[in-house]
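The next block holds one structure in the form of structure tokens; read it before the comments.
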Amino acid sequence: MFINKTKDGLNNLCGKNIAKYRKSVKISQRQLADQMQVFGLDLDKNAIQRIEAGKRFVTDIELVAFSNVLKMSFEELLSS
Numbered sequence: 001m002f003i004n005k006t007k008d009g010l011n012n013l014c015g016k017n018i019a020k021y022r023k024s025v026k027i028s029q030r031q032l033a034d035q036m037q038v039f040g041l042d043l044d045k046n047a048i049q050r051i052e053a054g055k056r057f058v059t060d061i062e063l064v065a066f067s068n069v070l071k072m073s074f075e076e077l078l079s080s
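Note that full-length UniProt numbering numbers the sequence shown so that position 8 is 8, with each residue one more than the last.
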């Protein structure tokens, strides 16, 4: 049976890196959500929180937006 989770049970690979970078540039989850909305994606603070905790899947469209908003490459977002 195929399971759509990482080995440690997370629903995405990028959440930890998003949280780490967001904290390093000292922006809140709310501020990140606001920036994603400016980019055209309807995400709120709760969605960012779930993504960072690995409890929510991230679409490729969202991954592109995170890459642009955070000015990070896909490789940086997806590295473990």
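Every residue gets a Cβ at the ideal spot worked out from N, C-alpha and C, and that includes glycine.
**Message:** Could you check whether Ile18 and Leu77 sit closer than 8 Å to each other, using their CB atoms as the reference points?
**Reply:** Yes, they are a contact pair.
**Asked** Comparing alpha-carbon positions, which option in Phe39, Leu41 and Glu52 lies nearest Gly15?
**Response** Residue nearest to Gly15 within the set Phe39, Leu41 and Glu52 is Glu52 (criterion: CA-CA distance).
**Request:** Could you spell out the range, first to last residue, of the alpha helix (DSSP H) harbouring Met36?
**Result:** The continuous alpha helix (DSSP H) containing Met36 extends over residues Gln29 to Val38.
**Request:** Indicate the three-state DSSP secondary structure (helix, strand or coil) for Arg56 in the structure shown.
**Result:** coil
**Buried or exposed (CB count within 10 angstroms, at least 16 for buried), Ser58** = Residue identity differs from the one stated: residue 58 is Val in this sequence, not Ser. By the 16-neighbour rule on beta-carbons within 10 angstroms, Val58 is buried.
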